[in-house]
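S.K.:
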Amino acid sequence: MDFCLDGSVFATAGTDRHIRLYDSCTMQLFHTLEAPDFMTGDVAVTSGASRRIFALRFHPQENHIFLTGGWDNSVKVWDKRIRKEAQRVINGPHICGPGLDIWGHCVLTASWVPRNALQLWDLRTSQLQKNLPFPGGHTQGQFLYAAQFCDPDTVLAGGSGTCGAGVIRISTHQDLKRHPWRGHLSRIWSDSPGVGVYPGSRATPPSSGICLDPD
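Per our numbering, the sequence shown starts with residue 1, numbered consecutively.
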């Protein structure tokens, strides 16, 4: 779930693959972007999610644009004014948690894959910009669940491969900070001047977390 820039609309998505748009003042559903129906042969990549959606993010500077990602190995770019299909598709990311964020024209994804799990994409062209090295994933694999921008040149990510979180400088690939967990990391947040991480599974609400200073 996420709110658009002016707060007038929020959207939800999940297991049933439908995307629902709500008026935040009345809390009423006003539109549903329905998932493709495979029984009718609706297999266009812009039709919607073919598998469960795990992440939904509105653009922080564009009121109408939002992105979704999940198990169907893609991120779809939507315009809430166009209520039929996605406008663009980024092919590749296998998202299994809140592993999706936006800063300007840059899209950050965290995939549950052993290598090249942390990636930056160009929102305008849907092309891969770069793979970001994630610390400590050489032996167990990276397998990331969550990622978020801290600022235009810094990202925070974590998952089950390294059982911890890492803060990474985009321009230099520098590993700024690492924090291990006894178990996998499932959720993160960023709120200047710190960034926070939560351990735990998707099914179990986190009972505790920590705040890291990326500097």
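Quick reminder that beta carbons are idealized off the backbone N, C-alpha and C, glycines included. Because the structure is a prediction, the values reported are computed rather than measured.
Measure the alpha-carbon distance for V155 versus G104 and round it to whole angstroms.
M.R.: To locate residue 155, count along the sequence shown from 1; it is residue 155. To locate residue 104, count along the sequence shown from 1; it is residue 104. If you take the alpha carbons of V155 and G104, they lie about 14 Å apart.
S.K.: Roughly how many whole angstroms lie between the Cα atoms of G99 and A165?
M.R.: What you label residue 99 is simply residue 99 of the sequence shown in a count that begins at 1. What you label residue 165 is simply residue 165 of the sequence shown in a count that begins at 1. Using only the alpha carbons, I get a separation of about 13 Å.
S.K.: Do you know offhand how far G141's Cα is from T26's?
M.R.: To locate residue 141, count along the sequence shown from 1; it is residue 141. To locate residue 26, count along the sequence shown from 1; it is residue 26. Using only the alpha carbons, I get a separation of about 45 Å.
S.K.: In the DSSP assignment, the beta strand (DSSP E) including R169 goes from what residue to what residue?
M.R.: By 1-based counting over the sequence shown, the position of residue 169 is 169. Going by DSSP, R169 is part of the beta strand (DSSP E) stretching over 164-169.
S.K.: Tell me the DSSP secondary structure of R143 in three-state form.
M.R.: Mapped onto the sequence shown, residue 143 falls at position 143. The question names Arg, but residue 143 in the sequence shown is Phe. Reduced to three states, the DSSP call for F143 is coil.
S.K.: Buried or exposed: S160, going by 16 or more other Cβ atoms within 10 Å of its Cβ?
M.R.: Your numbering for residue 160 matches position 160 in the sequence shown. With 16 or more neighbouring CB atoms inside 10 Å of its own CB, S160 falls in the buried class.
S.K.: Should S24 be labelled buried (16 or more other beta-carbon atoms within 10 Å of its own) or exposed?
M.R.: Within the sequence shown, the letter at position 24 stands for residue 24. Exposed, since its Cβ has fewer than 16 Cβ neighbours within 10 Å.
S.K.: Which residues in the same chain as T172 place their Cβ atom closer than 8 Å to its Cβ, once the five residues preceding and following it in sequence are excluded?
M.R.: Along the sequence shown, one-based indexing puts residue 172 at 172. Nothing meets the Cβ criterion.
S.K.: In the structure shown, what three-state DSSP assignment does F134 receive?
M.R.: Here residue 134 is taken as the residue at index 134 of the sequence shown, counted from 1. Note: F134 maps to coil in three-state DSSP.
S.K.: On the criterion of 16 or more Cβ atoms from any shown chain inside 10 Å, does D2 qualify as buried, or is it exposed?
M.R.: Translated into positions along the sequence shown, residue 2 becomes position 2. Buried is the call here.
S.K.: Just list the residues that DSSP pairs K76 with in beta bridges.
M.R.: As a position in the sequence shown, residue 76 is number 76, starting the count at 1. T68, V89.
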